[in-house]
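So the structure is just underneath, and the comments pick up after that.
So, in structure tokens, the structure goes:
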């Protein structure tokens, strides 16, 4: 779950990292009032969870409250990376002497937290890595011991930070604490600035909360930005189902992430287009009936592929759910089954008895038939 | 990470609904389940084996070689720590949705104690005809049959389909290694590939990957050192970028974790990458003659 800057920065402050004075504003008038309150030149920043805000014109400087009002007026309502801007962060703007980059994330290769620092900040880390790799340092952290000042200091040697070296090391240690305290997937400060007065201040902050950590960080998660969902996706999420709406016309119901992705891939391979991703594997295998209702509620769906290959997810339980929903809804469209794995003998028997249908011998046969049916249905429209 | 019939298995979380269901199936298939753990039911028997309060107690009283965890996400780290501190050398962590920082802690503890972890978010391990741990349909005769093809999969359901296709094409499996669908796992595709490369009962390997991360790219580099043929299927070619496709690890971010990157790396290493899993039999026949 991504967080907007105004919701991420307080996590830094709680860990002892300085952030600029400022406040969130939801209207131009409110932005003007915040600027007047700060009694200083300000920067007005669009609040969206992702996207290159500066390049999109979502970050503007303002010398006085009237200019802050105008800047906020221009930014509010903008669309950045698919997000409508509904609020701006108005912050005191201080003269910057140097800009650094700092981040911590979980690294799959070392299976440990990775601290990334660059003596050059203010641009994407990919850009830094490409154009000035000598300014970039990485250190893997032993998560059982944590990050200490000595380790943080050691990774900064040779970067020419001068008097900043000690304070930057302290900032990295504090950043690591914030990373650990908040179940972060990613915590990034870019830029970490040294002001003309010598203070280190986090001018921007990106925080992604680990989705698997939400359950024990419910209060924190309320300040984050839920993924933008369509009405059907939201309905599925409320049921604990992962449903992703796509632009094809073949409805997909399968179990397990890998098998569901593969069903979509093989539909594409045979010339069709999937209307959705929806998997009822794992703990969701008892939710066949509500899952089918969601797939069929998408008006683009012209036919349906039900592809079960049971491991943990028992195909007899899943098939019973699908049949319950099918009998209740009586959809006027063809359905193509492939059912294998745990419980498949009972599942196939159930399909014969209740629907008079024999599943296809292979997933590919079911999908080839579905692609042809979707094409026929399309031709009739 | 290949499970053998002689391995003594501990089931942590044995008394739960899923723990019970799958312990019974493991036992029926021949897996040597020796004990279970549930602090609240210590001193009782379940599925015919003693239940202990901790893995440490189970190690002292019963002894075991491998522990399989049927434990909810927020309890998994403590359960793994219990097993590792008991001296367990191999853990199979089935749990999905464990916080990633807990996973890193769990793997660090394992590393510090010389224990190997398979998972999290794995469907388990199968050695057809001998035993299995986890929740794979080892007992379905049209899915698993003893043979000489090793299968590595990030997904249980898709791994099942590939095993089914192998049996339909007349092959059997030497071992199935479910490595798990999380972004950070204890046993990588490459680790599993090395194990199957070293396994005398395995003649060829099928790698079942998916979008996200770089495990398939890393494994591709290792296949260059192998003489056993490897074929692969990568799920997610039709998935949109920037979305978690069911598995926490199955996400394309920018140019990282793409289908194209994995396919290119594998093909450059001489691995045949299949367009659909049903081609697996044909591809292996061509390679094995």
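Residue numbers (this note's numbering), protein chains in the order written: chain A, 1 to 381; chain U, 382 to 670.
Beta carbons: idealized from backbone N, C-alpha and C, even for Gly.
Every value quoted in this text rests on a predicted model; they were computed, and no experiment measured them.
By the beta-carbon neighbour count (other beta carbons within 10 angstroms, threshold 16), residue 551 of chain U is exposed.
Residue range 112 to 118 is occupied by the beta strand (DSSP E) that includes residue 118 of chain A, with no alpha helix (DSSP H) assigned at that position. Contact annotation: residue 586 of chain U and residue 609 of chain U have beta-carbon atoms nearer than 9 Å.
Not flagged as an interface residue toward chain A: residue 648 of chain U, since no C-beta distance is shorter than 9 Å.
Put simply, the segment 470 to 489 of chain U does not touch the segment 128 to 140 of chain A. Fewer than three CB pairs are less than 8 Å apart. Counting along the chain, the unbroken beta strand (DSSP E) around residue 307 of chain A starts and ends at 303 to 310. Within the DSSP secondary-structure output, residue 101 of chain A pairs in a beta bridge with A:118. Neighbours of residue 516 of chain U in chain A, taken as residues at a C-beta separation under 9 Å, are given in chain order as 311, 312, 313 and 342. Judged by their CB atoms, residue 452 of chain U and residue 427 of chain U are not nearer to each other than the 9 Å cut-off. About 5 Å separates the beta carbons of residue 94 of chain A and residue 195 of chain A, which is inside the 8 Å limit, making them a contact pair. Under DSSP, residue 2 of chain A forms a beta bridge with A:208 and A:225.
Judged by pairs of C-beta atoms under 8 Å, the segment 543 to 562 of chain U touches the segment 518 to 531 of chain U, as three or more such pairs exist.
Taking 9 Å as the threshold, the shortest C-beta distance from residue 118 of chain A to chain U does not fall below it. Among the residues facing chain A, residue 458 of chain U is not included, as its CB has no counterpart in that chain under 9 Å away.
Counting only runs of 3 or more residues that sit fully inside the segment 106 to 183 of chain A, the beta strand (DSSP E) segments are 112 to 118 and 136 to 140, in chain order. Residues of the same chain with a CB within less than 6 Å of the CB of residue 434 of chain U, apart from the 5 flanking positions on each side, are 420 and 423 in chain order. The Cβ of residue 434 of chain U sits no closer than 9 Å to any Cβ of chain A.
Nearest to residue 613 of chain U by alpha-carbon distance, out of U:491, U:559 and U:657, is U:657. Per DSSP, the unbroken beta strand (DSSP E) holding residue 276 of chain A starts and ends at 276 to 279. Scanning chain A for C-beta atoms nearer than 7 Å to the C-beta of residue 536 of chain U yields 256, 257, 258 and 259, reported in chain order. The beta-carbon of residue 279 of chain A is placed less than 9 Å from the nearest beta-carbon of chain U. DSSP links residue 505 of chain U through a beta bridge to U:515. Contact residues of the segment 452 to 484 of chain U toward chain A are 454, 455, 477, 478, 479, 480, 481 and 482 (C-beta to C-beta distance below 7 Å). When the alpha-carbon of residue 616 of chain U is set against those of U:590, U:629 and U:465, the nearest one is in U:590. Only buried fits residue 311 of chain A, as 16 or more other CB atoms lie within 10 angstroms of its CB.
Between the alpha carbons of residue 488 of chain U and residue 60 of chain A lies a gap of roughly 45 Å. Annotation for residue 484 of chain U: 501, 563 and 565 place their beta carbon closer than 7 Å to its own, counting only its chain and skipping 5 residues before and after.
In the DSSP assignment, residue 243 of chain A is bridged to A:278.
Here the alpha carbon of residue 354 of chain A sits roughly 37 Å from the alpha carbon of residue 533 of chain U. Under the DSSP definition of a beta bridge, residue 431 of chain U partners with U:426.
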